[in-house]
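If you read the sequence shown in our numbering, its first letter stands for residue 1, the second for the next number, and so on.
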Amino acid sequence: FAAVMEISIRRFKQNVRKENLNHDLGMLRLFEAFSENAPQLVLMTSLIMETQKMEPFRGWTRGKIAE
């Protein structure tokens with residue numbers, strides 16, 4: 001993440017084309033999305049491995065519990 005930021009700042013200072021900056025921004029968004037979802041996936045995987053069973057997802061839908 002820090003290396004991508006450093007390259008982005010360096011390119012911005014060098015007045016590199018807009019397309020290159022958009023590419024860097026896209027990469028940052030990709031890293032951000034992965035870093036937000038990875039901890040949840042690790043937790044879910046570890047719970048499945050520990051309990052040795054998969055339970056259906058339960059969520060709230062219009063005030064009722066949905067299965």
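Where is the CB? At the ideal position from N, CA and C, for every residue including glycine.
With C-beta atoms as the reference, is residue 11 less than 8 Å away from residue 20?
Yes. Within cutoff.
Does the distance from the CB of residue 24 to the CB of residue 35 come in under 8 Å?
No, these two residues do not count as a Cβ contact at 8 Å.
Give a yes or no on whether the C-beta atoms belonging to residue 27 and residue 4 are separated by under 8 Å.
Yes. Within cutoff.
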